[in-house]
Amino acid sequence: MRAFLLSALLLALPAAAQAETELSLAGGAVRLTPTVQFDADAGSYSGQNRPDGFRPGASLRRGYLGFEAEMGEDFSLGLAWDFGGSPNDHNDLYEAWLGYSGLGFGRLRIGAYEPRHMLEEAASSRDLLFMESATVSNLASGLATGDTRLAIGLEANGARWTASFYATGGIASKPNSWGQRGLAGRVTGLLPAPEGLVVQLGANAAYQFRPGDKTDPQAIDFSDYPELRLSGRQLLDTDSIRSGDVWAAGPELSLGFGRFYAQAEYQRFSIDTEESGGRELQGWYLAGAYTLLGQPRRHDPETGTWKRPKPEEGAWWGAWEVAGRYSAADLRDGPELRGGAQRIWTAGLNWYPTDTLAVMLNYQNGTLRQDEENRRFQAVGVRLSFSL
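Following my numbering, the numbering of the sequence shown begins with 476 at its first residue and continues without gaps.
What follows is the structure, given as structure tokens:
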């Protein structure tokens with residue numbers, strides 16, 4: 476099914492890129508906008524100093540098909556299916572939500588969607604600097620947000636600020652998690668700065684007070700891929716932890732100055748374990764980018780995130796961007812909690828031929844510190860992306 480969908484989308488690219496992307500119904504009372512995105516990934520690992528390491532692979536990382544609808548002035552809804560996914564995933568619902576914006580200061584949303592929690596999670600995946608978010612973003616969002624999360628939330632913004640708050644349940648695409656309960660929120664604000672410099676400071680938090688997994692209702696697991704999703708191996712892994720309350724919180728900083736852009740986030744995790752009391756984990760990253768050709772990244776006041784570079788009008792060479800990131804995550808605390816510690820340097824080259832197409836090339840040099848021996852690796856990944 477995925478191979479068929481990928482072939483069909485590739486054949487449809489030239490026509491889709493030129494097509495009208497909004498459809499009006501009922502005399503303009505209903506406005507439909509398609510949700511179409513596919514990310515085709517491939518890559519390989521090298522330089523591994525231990526056997527049974529990360530494996531090369533290729534996949535349709537995302538295959539979103541759906542729509543968003545504006546109904547009158549106050550109501551909106553979104554519905555989309557994901558034909559792609561991480562290794563070993565199946566085709567799943569991506570989002571199904573209803574929004575109400577008649578409050579005058581924001582929008583209420585209820586359903587299954589990705590809450591605006593953390594800088595990388597609030598941004599569209601098409602605007603990410605690299606093929607994947609930093610590990611700390613995935614770990615923190617796994618508590619109470621992330622893709623297809625069942626949630627009811629309020630999202631508000633002004634010219635210089637954003638705020639969001641959510642009460643969340645399980646993950647719509649993971650039925651065994653539906654008993655999960657949590658809270659999450661994020662606030663951002665633009666700081667006073669000289670002309671040409673845009674600086675945003677923010678903070679976010681997530682709190683899980685009931686894990687709710689049917690297989691083990693009082694267990695949580697922190698794990699992640701090595702910032703590429705080419706195979707199903709997750710060697711950064713705490714395994715199952717019997718726990719009560721779990722929370723994560725931290726600051727974020729992002730700034731744009733001309734063609735230069737930078738962002739950073741830090742998270743501290745606290746776990747109330749049954750066997751060994753409170754445990755603390757942490758992670759962070761620092762990333763920067765420079766737009767070589769085209770219009771540089773620009774701030775989006777509605778979401779408190781940054782949109783990707785755009786080609787100049789009539790420029791056949793598109794927009795080009797170079798990026799770098801250092802990320803760290805430490806899932807170790809005492810003899811009882813030994814999930815490993817990961818450090819990854821990533822270099823990226825991004826090409827945006829048009830507003831709808833992107834080609835991303837990532838190189839990684841990483842170390843996974845485990846009790847028995849450090850595991851070193853290098854990786855190269857490439858992505859072809861199309862989105863409307």
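From the three backbone atoms N, C-alpha and C, an ideal C-beta is built for every residue, glycine too.
- prompt: Would the region 736–747 and the region 548–563 be scored as touching if the rule is three or more Cβ pairs under 8 angstroms?
  reply: no
query: Which of the three DSSP states, helix, strand or coil, is assigned to P726?
result: Reduced to three states, the DSSP call for P726 is strand.
field: Classification of R635 by the beta-carbon crowding that lies within 10 angstroms, buried from 16 upward
entry: Looking at its Cβ environment, which holds fewer than 16 other Cβ atoms inside 10 Å, R635 is exposed.
query: Can you tell me the Cα-Cα spacing of R477 and G677, whole angstroms?
result: Only weak support is given to the placement of R477: the predicted model assigns it a pLDDT of 48, under 50, and the value that follows is read from those uncertain coordinates. Answer to the nearest angstrom: the Cα atoms are 38 angstroms apart.
query: Unbroken alpha helix (DSSP H) runs of length 4 or more, entirely within the region 543–611: which are they?
result: 594–597
field: Spatial distance of Y569 from L672 (CA atoms)
entry: 36 angstroms
field: In DSSP terms, what P509 is bridged to
entry: F542
message: Determine, for E548, whether the minimum Cβ-Cβ distance to residues of chain B falls below 8 angstroms.
response: The chain labelled as chain B is not found in the depicted structure, where only one protein chain is given.
message: For a minimum of 4 consecutive residues, which ranges assigned as the alpha helix (DSSP H) are wholly contained in the region 642–678?
response: none
field: Minimum length 3: unbroken beta strand (DSSP E) runs contained in the region 781–828
entry: Unbroken beta strand (DSSP E) runs of no fewer than 3 residues, entirely contained in the region 781–828, are found at 794–808, 812–827, following chain order.
message: For G532, which residues in the same chain have their Cβ closer than 6 angstroms to its Cβ, ignoring the five residues on either side in sequence?
response: Once the five neighbours on either side are set aside, the close Cβ partners of G532 are L705, S706.
field: Neighbourhood of P650 by C-beta, 6 angstroms cutoff - its chain only, sequence neighbours within 5 removed
entry: none
Closest by C-alpha distance to A804, when choosing among A794, W795, G841, G823: G841
- prompt: Taking buried to mean at least 16 other C-beta atoms within 10 Å of its own C-beta, is S639 buried or exposed?
  reply: buried
- prompt: In whole angstroms, what is the alpha-carbon distance linking R734 and W792?
  reply: Distance between the alpha carbons of R734 and W792: 17 angstroms.
message: Our contact map puts A794 next to L768 with C-beta atoms below 8 angstroms; I'd like the distance itself, whole angstroms only.
response: 6 angstroms
Which of helix, strand or coil DSSP assigns to G503: helix
message: If I measure Cβ to Cβ from D516 and keep anything under 6 angstroms in the same chain, skipping five residues before and after, which residues do I get?
response: S534, R536, R858
query: Among S652, N613, A659, which one has its Cα closest to the Cα of E630?
result: A659
query: Quick one: what's got a C-beta closer than 6 angstroms to Q512's C-beta in the same chain, skipping five residues either side?
result: R537, Y539, S862
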